[in-house]
Every structure is written in C-alpha cells, then in structure tokens.
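> Residue numbers for the sequence shown, in our numbering: 4 to 809. Quick reminder that beta carbons are idealized off the backbone N, C-alpha and C, glycines included. For reference, the structure I am asking about is given below.
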Amino acid sequence: MDYWKDEVNMNLQDRNNMESYFYFKDEEREVCFKRHDTPTPWINYLTNGTFHTILSQAGGGLAFYRSPQIWRISRYRFFHLPTDRPGPYIYIRDGALGEYWSPAYEPVEKKLDSWSSAHGMGYTRFQAAKDGVNSELTYFVGELENSLIWNLKIKNNSSKTKQLSIFAYVEFGMMEFMRELQWQCYNKHQVSVEYLEEWGSLVYKYGVEMQPKPDETPLVYFTADRIPDGFDGDREEFVGSYRSEANPNAIEQGSCSNSTLAGGDPCGALQFNISLDPGEEQTLNIFLGTGMTEEDIRKSIENSRRDTFVEESFIKLKENWESYLGKLQCTLPDKETERMVNTWNPYQAQRNFLFSRNISFYATGTFRGVGFRDTSQDILSQIPFDINASKDKIKLLLGQQYKDGHVNHYFFPTEGWEPVTTIHSDDHLWPVWSVWSVVMESGDLSFLDEKVTYYDGGEAAIYEHLQKALEYTKSHLGPNGFPLMLRSDWNDQLFRVCRKGKGESIWTSMQYGVMLTKMAELARLMGKIEDAAAFMSTFQQQKELVNSIAWDGKWFRRAVMDDGRFLGTDEHDQAKIWLNAQTWAVMSQMADKDKSFAAMNSVKEMLDTELGIKKIHPSITDFPDPKDPLTNYNPGTGENGAVFCHANTWAIIAECLLGRGDIAYKYYRQLIPEIAMKKAGVWRYKAEPYVYASNLFGPESDRFGLANVSWLSGTAAWMYIAVTQYMLGIRSQWEGLLIDPCLPVQWKQAKIDRKFRECNYEIEIINESGVKKGIMSIEVDGEIQTSNIIKHKNGRERAVVKVIMG
Numbered sequence: 004m005d006y007w008k009d010e011v012n013m014n015l016q017d018r019n020n021m022e023s024y025f026y027f028k029d030e031e032r033e034v035c036f037k038r039h040d041t042p043t044p045w046i047n048y049l050t051n052g053t054f055h056t057i058l059s060q061a062g063g064g065l066a067f068y069r070s071p072q073i074w075r076i077s078r079y080r081f082f083h084l085p086t087d088r089p090g091p092y093i094y095i096r097d098g099a100l101g102e103y104w105s106p107a108y109e110p111v112e113k114k115l116d117s118w119s120s121a122h123g124m125g126y127t128r129f130q131a132a133k134d135g136v137n138s139e140l141t142y143f144v145g146e147l148e149n150s151l152i153w154n155l156k157i158k159n160n161s162s163k164t165k166q167l168s169i170f171a172y173v174e175f176g177m178m179e180f181m182r183e184l185q186w187q188c189y190n191k192h193q194v195s196v197e198y199l200e201e202w203g204s205l206v207y208k209y210g211v212e213m214q215p216k217p218d219e220t221p222l223v224y225f226t227a228d229r230i231p232d233g234f235d236g237d238r239e240e241f242v243g244s245y246r247s248e249a250n251p252n253a254i255e256q257g258s259c260s261n262s263t264l265a266g267g268d269p270c271g272a273l274q275f276n277i278s279l280d281p282g283e284e285q286t287l288n289i290f291l292g293t294g295m296t297e298e299d300i301r302k303s304i305e306n307s308r309r310d311t312f313v314e315e316s317f318i319k320l321k322e323n324w325e326s327y328l329g330k331l332q333c334t335l336p337d338k339e340t341e342r343m344v345n346t347w348n349p350y351q352a353q354r355n356f357l358f359s360r361n362i363s364f365y366a367t368g369t370f371r372g373v374g375f376r377d378t379s380q381d382i383l384s385q386i387p388f389d390i391n392a393s394k395d396k397i398k399l400l401l402g403q404q405y406k407d408g409h410v411n412h413y414f415f416p417t418e419g420w421e422p423v424t425t426i427h428s429d430d431h432l433w434p435v436w437s438v439w440s441v442v443m444e445s446g447d448l449s450f451l452d453e454k455v456t457y458y459d460g461g462e463a464a465i466y467e468h469l470q471k472a473l474e475y476t477k478s479h480l481g482p483n484g485f486p487l488m489l490r491s492d493w494n495d496q497l498f499r500v501c502r503k504g505k506g507e508s509i510w511t512s513m514q515y516g517v518m519l520t521k522m523a524e525l526a527r528l529m530g531k532i533e534d535a536a537a538f539m540s541t542f543q544q545q546k547e548l549v550n551s552i553a554w555d556g557k558w559f560r561r562a563v564m565d566d567g568r569f570l571g572t573d574e575h576d577q578a579k580i581w582l583n584a585q586t587w588a589v590m591s592q593m594a595d596k597d598k599s600f601a602a603m604n605s606v607k608e609m610l611d612t613e614l615g616i617k618k619i620h621p622s623i624t625d626f627p628d629p630k631d632p633l634t635n636y637n638p639g640t641g642e643n644g645a646v647f648c649h650a651n652t653w654a655i656i657a658e659c660l661l662g663r664g665d666i667a668y669k670y671y672r673q674l675i676p677e678i679a680m681k682k683a684g685v686w687r688y689k690a691e692p693y694v695y696a697s698n699l700f701g702p703e704s705d706r707f708g709l710a711n712v713s714w715l716s717g718t719a720a721w722m723y724i725a726v727t728q729y730m731l732g733i734r735s736q737w738e739g740l741l742i743d744p745c746l747p748v749q750w751k752q753a754k755i756d757r758k759f760r761e762c763n764y765e766i767e768i769i770n771e772s773g774v775k776k777g778i779m780s781i782e783v784d785g786e787i788q789t790s791n792i793i794k795h796k797n798g799r800e801r802a803v804v805k806v807i808m809g
C-alpha cells in the first residue's frame, strides 16, 4: 500500500528495500506483496495434481493440463520483454470514465489507488482499488473440477452508481509448445474456438495432426457463473493490430466483437456488464477448465455454477493443506527457521515432488520430463507427508530400470516419448534411500516384496531391483576400484573427465557406501543375513579406498580423470577442493574420524561464504587444458564456484553428524531465502524470498548473490531433511522414532509435533545447558526412557515427549 502513497522511485537504494516489497502472514501461511515490480516474477503453483497453473505476484503465468509439453493451455513468453506476459487477466472498465485497469496491476500498468497481492497454499490473491471501485481477485485450482477458478469480488465504494464492464482474458497457445515454436504458421489453422450459446461458454479445441496422445487431449472451456454479455475467441479481434495485453482494442472500445475462430491465433475473452449502486458488492466467478468431451464440459459447468461450488472448493483446498502440513509443525527460537519448516519448505518440496524439474519461470517445460535422480531425492521429503504417493512414485521410477540394474536418466510417463538413456554412475543408486525411508516410516517390510516390471521386460520384487542397482555399480568399477563415472555422476559437468570411459567418481563411491549400509539393514530385517554381510563387505572395501587413495591430506579428492590424474587435489591451481566429496565422506560414515573433521574444517576455511558454501574452489578458467576446460560456466556461476544450495544441505547434515550444531545452523540460516536476500540485496538476489533456489552466484562472479532457478530444485527436499531429521534430529527408524537433535548453543528450547505411524508425538527439547549435541534424558508420557529411540506402540495415538539435552 505504501508504494502507491509514496510514489517510490526505483533508485538503487529503494530497489534493495525489502520492506517495500513483501512481508509474511504466518498464521495464514501467506507471503504478501506491497508492489508488483519485483526483480523477477515471484511465482506460485496452483494445482490439484491434474490441472495446473503457474501465477506470479503480478498476474502473469500459464495453465496446463497434466503436461506442459503436450497439453499447455495458455501461452507464456519465457525470457521476453515485457517480462511475465501474458497471464489469466481481469480488466475492469468504468463506463462513465472510459478508464480501465487490472486488479493484478499487470498488464495495464495504470496507477492504482491501492494494490497488494499474496501467495498462499495453492492460491494467489490480488486486492486493488481505483476510482472508488474495490476488487479482490483470488485464483486457485480446486479438487472438485479440473479448472482454474477466478473468484472476483467487486465493490462500489463511491457515492455514485457505477456502470462497469468486466473482461476476463486468456491467450490460448498451441498445446504442444515445441510444435508451436516450429510449425505454428501451419498448425495454428488446425485449432478452433467456438461459443456454445446454450452454456455461455467458449470451447477451445486443439485439433492438430500427429499429436502424441490425441485421444487424451482435452477440450478447454472458458466460462463463468453467469452468461457473458460478449465474447471473443480470436486474439486479433480482441487485442487488435500492433497492440498488446496492456491495451486491447476491445476494452478500449468497450465491447467484445463476439468472434469465434476456425484457424488463427486463439484466445478466450468474456465480457460482463454490471451495475453497482453505492456500497454494493457483487461476485463473479470465472472458470478455465478441461473436459474430454462436450458432455463432460456441460457437466463441469453445471457443477461449477452451483451456489456453493467455489466456497466448497476453497475450503477443501485450505483444509487439505492444513492436514498435510500438520504432519510436522514446530515452535522455534528462530522465527525465520520456524516459518520455513512449518510452511514454505514443505510446500516447495511437495511442488518438486509433483513437477520434478519440468516447468517454472526458469524452466520452459519443454524437455525435462521426470528426472530419475531428481525425483528419487524429492521422494525423501514427502514420505512423512504422503507415504502412498511416495510408494507410487518409487514404483514409477523402478519401472525405468533395466534388468542389469542401470536406469533411464529421465523419462516421460505422461507424454509417452522415448526416455533419455544416458547412464550415470549415481542415478540407479538413489532409490535405495527412498525405499529404506519408506520402510523406516511405515515399519512394514511388505513394500520390498511388491513386484515392479523392468524397462526391458520381466519383473522382480522391489528388493531385487535395489539389489540389481548395487550389483551394477559393483560390476562397473575402475582401475583404482572406485565406481566408473560413466556419463557423469551427480555433477553433470564432470562428463569431460570420463569421455574415454576410464574416469572414476570418488563421490559415487561415498554415495554407494550410503546405499550399501541401508541395504544391509533392509537385508537383516528380511532375514537375508548373507546379503547383509556381502553388502557390508563391499562397504568396507570402498571405505578403505576412500581413506587411502581418495585422501589428499586436508580433504578428499573428487574423482579420477581418464588420464589417471586426480580431480580435487592441492596439486592443482584450480578446483582444488570439491564440497560434495567432503560432505558425503561424513554422511557415508566412510571417512575416519580425524579425516571427517579435517575435511569439514577445509570446507569451512576454503568454501564457506556469507551467502553459502561454494561448490568448488578456486573456480575453473582453463583446467585441465586451456583448449578443453572442465566447464564452460563463467567463474562463480553454476557448477563452477557458485553456491550450489542443493549441495549445501549435505554440509548441514555432515556437521550435525559431527555434533557441531553452531556450524550446521550457520550453514542452514545463511541460505534461508529472505536472510540471503537481505544480505545480498533484493535487486542482486532477485528470486523469491520464500522458496529455495538451485544456486547463487559465488564470490568469483561480479554478481555474487544472484539466485538462479528457484522453486524446482533438490534444495527443497534436502533442506527439509537437513533441518527436521538432523538439526531437530527426528528420524524414523525400524523400532520407532529417533530423537537426536544437534542445535546451536543459543537455542534453549524447541517444540515439535510430529505424526508418526498414526501417533501424534508432542516433543519438547530443552537445552538449558547450551550443548550442541547429546541427550541427558528422555521422558515419554512421564516415563524415563533408556534409549533415544521411542519405540512404536500399536494403538497409541498420542505421546508427550520431553528431551533434556546435556
């Protein structure tokens, strides 16, 4: 609101004033915006799992059905100017004044008397006023229909009757985005927009030839809870020539032309003329949705026009999120951490679980599909919230495994396209941790016996799938005994060290070690004692290699290159130390104790910055060969010396395992988005202050602190695991719930409510002595425990737990 009163100038000082941009309403689980002109679009995801919308704080965004690759409903122009266009827009035109404006501010860009917006859990709201008219516009996708609901409340606060025209507009795109880029000039003549007068609805049909799944392509309807007074289905008729969404011809003229379309550039525009007496308020609900047939559309419209439909849909949305997030809630001394743990981190992680790395403001939704390694990790944070969905996703992934144990790198289960088949040393190993976590959370081994089909035919139990994954790594070891890099490991830029097929990944050896120990535990629980012994024997062999060949003196080396030279050694001037090799040496329990501390001390001394831990140091310019350097990234960016937030989470876990709560907390807190933004400045940081980014430019860049690729990042899942399972120390185990906090000394108390196996655990951690790790006593329902694992009891619905650290 202050933005409009004070006429803030966009000078250097003002554009870094965080208070002029946003604030949080924690009780409502909302982030609220005071101005529309954020450095980049700050987005939200509105979805019911089938119908999806991305929407920014200024109203830009797009809608899609199931897949943004082949069923993209509306158009969005990535990376173009003006930025963040178009979106699902509302225009309000005052008939007496001839003026028009938008509640979202964009795209009209006319000064409003007041404006604000907010993102909540699955909804986005805009509040605006101009010339005595107040509006509140809420967008959300409910579970009752596959549609984006636009709930507009409009009130006349003037002393005169207002004659208003409300226009709702969406620009339809060709559903296949890549085909639109390549063949739009021809294929656009195979689309149509009809107006079905009986229903008062526009219907968009994407009838383009040679679609991948034409039988599953939906019709799109655009309608409201009342019959419109006008409409347009032809973008040229609504917008006009040499105009844009900012000044459509139809709105300036005051009426739509009732155009339809049989080939051309489609849109949906609806006009509603209303009269508002002084003090009167009216509600208009717009629906952008899908149906497979016209009969399906008719039923959806009838359902949506029920008096209680919109309210029911919104209440269900709110209730679902409260139930979901209620699985773990906490009260902490640090309110920024509390906010992330309670709301924004699990919200972001759930969106990653749903969309993988497919579509955001940064990712165009054209080629990624479901990443095997990405989704395997995303599952880890979702298991306590939705174990059945997690199991389904694991089985989906294992269906991409071959009988020899390797997997497809990423794949397209919705689109049906051929997968990307490059073989990476880490991909096939990740599901071990996911399956182990499911078993620990559920206390049930039966999941291991479920059958899943291999990608190349035949089926096997999940346990056997995991066994095959470990066998594949064991059968692909290099000359030094470490796993072969293959196409690359987790760091995709390392493909250059293994082009001759001889490069080895020391980091994958550590990852392999984690999975071997988890498989050994599963094997023991299943009574497969010989399997367990074999897994631990292989673990010991890899551990010896890590502590001998991989040790460089102060830290662990990262890889062995094709020519036998080590990567990540003090002998080189560039890329001496790599973060992941240090953190996973600790996480895998492979590193000897003294080496663990030495390696993590090197991380602190050489990689840590005020805005997070760099991935490598120093950055690469011409290593190992000026004609063929290891990376094309500029120094301080991407894989080359940036603060890779995903990898930072493993440093937090490693420090917790070493018992150094203060360091773990420093690493955690400095990457809380609003904290990082405050340090870097709003204009430098640019990305959203409520969700994690993939990386920040490092200090060797002249734009140190610039956040990139927000929302869809493995940072979300792993940061949640780091803070809840290792800092707060609440981890599921076979016997029950492990309590093993590792806290900063200034935290004297923490309260956590955690639902585990149908029991609500109310946990209070007291740290009056100011230790970083260690438990003096645990009481459960007043009884002293002899272990820090609270054993599960069938039928117990509530447990009150008191933990005294010391």
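Is there contact here, the segment 235–252 with the segment 138–154, by at least three beta-carbon pairs under 8 Å?
They do not touch, by the three-pair rule.
> Within the same chain, show all residues whose beta-carbon is closer than 8 Å to that of residue 7, passing over the 5 residues directly before and after it, in chain order.
Looking up residue 7 in the sequence shown gives position 4. Residue placement at residue 7 cannot be trusted, given a pLDDT of 36 that sits under 50; what the coordinates show is reported in the next sentence. Result list for residue 7: 114, 115, 116, 117 and 118, in chain order.
> Taking buried to mean at least 16 other C-beta atoms within 10 Å of its own C-beta, is residue 742 buried or exposed?
By one-based count along the sequence shown, residue 742 stands at place 739. Burial call: buried.
> If the criterion is Cβ atoms closer than 8 Å, does the pair residue 149 and residue 286 meet it?
Numbered from its first residue, the sequence shown carries residue 149 at position 146. Numbered from its first residue, the sequence shown carries residue 286 at position 283. No. Outside cutoff.
> By the three-class DSSP mapping on this structure, what secondary structure does residue 272 have?
For the purposes of this step, residue 272 is identified with residue 269 of the sequence shown, where counting begins at 1. Note: residue 272 maps to strand in three-state DSSP.
> Under 8 Å between the Cβ atoms of residue 154 and residue 288?
Residue 154 sits at position 151 when you count from the first residue of the sequence shown. Residue 288 sits at position 285 when you count from the first residue of the sequence shown. Closer than 8 Å, so yes.
> Provide the residue span of the beta strand (DSSP E) that contains residue 135, from first to last.
In the sequence shown, residue 135 corresponds to position 132, counting from 1. Where residue 135 is concerned, there is no enclosing beta strand (DSSP E), given that its DSSP letter is neither H nor E.
> Give me the residue from 70, 796 and 60 with the minimum Cα distance to residue 446.
As a working mapping, residue 446 is identified with position 443 in the sequence shown. Checked all of 70, 796 and 60; the closest Cα to residue 446 is 796.
> Around the Cβ of residue 306, are there at least 16 other Cβ atoms within 10 angstroms (buried) or fewer (exposed)?
Within the sequence shown, the letter at position 303 stands for residue 306. It counts as exposed.
> Distance, Cα to Cα, residue 467 vs residue 750?
Within the sequence shown, the letter at position 464 stands for residue 467. Within the sequence shown, the letter at position 747 stands for residue 750. Cα to Cα, the separation comes out at about 44 Å.
> Run through DSSP, which three-state label would residue 541 get?
Start at 1 with the first residue of the sequence shown, and residue 541 comes out as number 538. Residue state, collapsed to three classes: helix.
> Does the distance from the CB of residue 209 to the CB of residue 177 come in under 8 Å?
As a working note, residue 209 is residue 206 in the sequence shown. As a working note, residue 177 is residue 174 in the sequence shown. In contact: residue 209 and residue 177 (Cβ atoms closer than 8 Å).
> Whole angstroms is fine: what's the gap from residue 734's alpha carbon to residue 702's?
The count along the sequence shown starts at 1 and reaches residue 734 at position 731. The count along the sequence shown starts at 1 and reaches residue 702 at position 699. C-alpha separation (whole angstroms): 35 Å.
> Within the segment 331–398, note down every full beta strand (DSSP E) run reaching 3 residues or more, in order along the chain.
Within the segment 331–398, the complete beta strand (DSSP E) runs of at least 3 residues are 331–334.
> Taking buried to mean at least 16 other C-beta atoms within 10 Å of its own C-beta, is residue 507 buried or exposed?
Reading the sequence shown from its first residue, position 504 is the one you call residue 507. Buried, because 16 or more other Cβ atoms sit within 10 Å of the Cβ of residue 507.
> Expressed to the nearest angstrom, what Euclidean distance is found between the alpha-carbon atoms of residue 357 and residue 448?
Position 354 of the sequence shown, counting from 1, holds the residue named residue 357. Position 445 of the sequence shown, counting from 1, holds the residue named residue 448. Approximately 26 Å between the Cα atoms of the pair.
> With a cut-off of 8 Å on the beta carbons, I'd call residue 444 and residue 455 a contact; round off their distance for me.
In the sequence shown, the residue the question calls residue 444 occupies position 441. In the sequence shown, the residue the question calls residue 455 occupies position 452. With 8 Å as the limit, residue 444 and residue 455 do not qualify as a contact, their Cβ atoms being about 19 Å apart.
> Pick out whichever of 345, 79, 512 and 279 has its Cα sitting closest to the Cα of residue 545.
The residue you call residue 545 lines up with position 542 of the sequence shown. Closest option to residue 545, Cα to Cα, is 512.
> With DSSP run on the structure shown, which of helix, strand or coil describes residue 683?
Here the question's residue 683 lines up with position 680 in the sequence shown. Reduced to three states, the DSSP call for residue 683 is helix.
> Give me the Cα-Cα distance between residue 11 and residue 137, rounded to the nearest whole angstrom.
Residue numbering aside, residue 11 sits at position 8 when the sequence shown is read from its first letter. Residue numbering aside, residue 137 sits at position 134 when the sequence shown is read from its first letter. At residue 11 the pLDDT is 42, less than 50, meaning the model places this residue with poor confidence; the figure from the coordinates comes in the next sentence. Their Cα atoms are separated by approximately 22 Å.
> How do the segment 312–320 and the segment 339–351 stand: do at least 3 beta-carbon pairs fall below 8 Å, yes or no?
Touching, no.
> Give the secondary structure of residue 462 by DSSP, where H, G and I count as helix, E and B as strand, and everything else as coil.
Working through the sequence shown from its first residue, we reach residue 462 at position 459. Three-state result, residue 462: strand.
> Mapping DSSP to helix, strand and coil, what is residue 516?
For the purposes of this step, residue 516 is taken as residue 513 along the sequence shown, with counting starting at 1. Of the three classes helix, strand and coil, the one that applies to residue 516 here is helix, per DSSP.
> Please state the DSSP three-state secondary structure of residue 554.
Here residue 554 is taken as the residue at index 551 of the sequence shown, counted from 1. Residue state, collapsed to three classes: strand.
> Distance check for residue 55 and residue 718, CA to CA, integer angstroms please.
As a working mapping, residue 718 is identified with position 715 in the sequence shown. As a working mapping, residue 55 is identified with position 52 in the sequence shown. Their backbone Cα atoms lie some 22 Å apart in a straight line.
> If residue 2 and residue 276 are in contact, beta carbons under 8 Å, what's the gap, nearest whole angstrom?
Only positions 4 to 809 of the chain appear in this structure, which leaves residue 2 out of reach.
> Under a three-way DSSP split, which group does residue 200 fall into?
In the sequence shown, counting from the first residue as 1, residue 200 sits at position 197. Here residue 200 sits in coil by DSSP.
> Identify the residues that DSSP records as bridge partners of residue 745: which are they?
By one-based count along the sequence shown, residue 745 stands at place 742. Answer by DSSP bridge pairing, in chain order: 776.
> What number of angstroms, rounded off, separates the C-alpha of residue 9 from the C-alpha of residue 39?
Position 6 of the sequence shown, counting from 1, holds the residue named residue 9. Position 36 of the sequence shown, counting from 1, holds the residue named residue 39. Because the pLDDT at residue 9 is just 45, under 50, the model does not fix this residue reliably, and the value given afterwards should be weighed accordingly. About 15 Å.
> Would you call residue 574 buried or exposed, if buried means 16 or more other Cβ atoms sit within 10 Å of its Cβ?
Position 571 of the sequence shown holds residue 574. With fewer than 16 Cβ atoms within 10 Å of its Cβ, residue 574 is classed as exposed.
> Would you be able to state if there are at least three C-beta pairs under 8 Å between the segment 100–110 and the segment 45–64?
The answer is yes - the segment 100–110 touches the segment 45–64, with three or more Cβ pairs under 8 Å.
> Is residue 379 near residue 352, with beta carbons less than 8 Å apart?
Walking along the sequence shown from the start, residue 379 turns up at place 376. Walking along the sequence shown from the start, residue 352 turns up at place 349. Contact flag unset, no.
> In angstroms with no decimal places, state the Cα-to-Cα distance between residue 13 and residue 124.
If you number the sequence shown from 1, residue 13 lands on position 10. If you number the sequence shown from 1, residue 124 lands on position 121. Legend: pLDDT at residue 13 = 47, less than 50; position of this residue unreliable, value from coordinates given subsequently. Straight-line Cα distance between these residues: approximately 30 Å.
> Can at least three beta-carbon pairs, one atom from the segment 589–600 and one from the segment 622–638, be found at a separation below 8 Å?
Short answer: they don't touch.
> Within the same chain, show all residues whose beta-carbon is closer than 6 Å to that of residue 164, passing over the 5 residues directly before and after it, in chain order.
As a first step, residue 164 is located in the sequence shown; it is residue number 161 there, counting from the start. Cβ neighbours of residue 164 beyond the five flanking positions: 280.
> Do residue 273 and residue 195 have their C-beta atoms closer together than 8 Å?
Here residue 273 corresponds to residue number 270 of the sequence shown, with the count starting at 1. Here residue 195 corresponds to residue number 192 of the sequence shown, with the count starting at 1. Contact flag unset, no.
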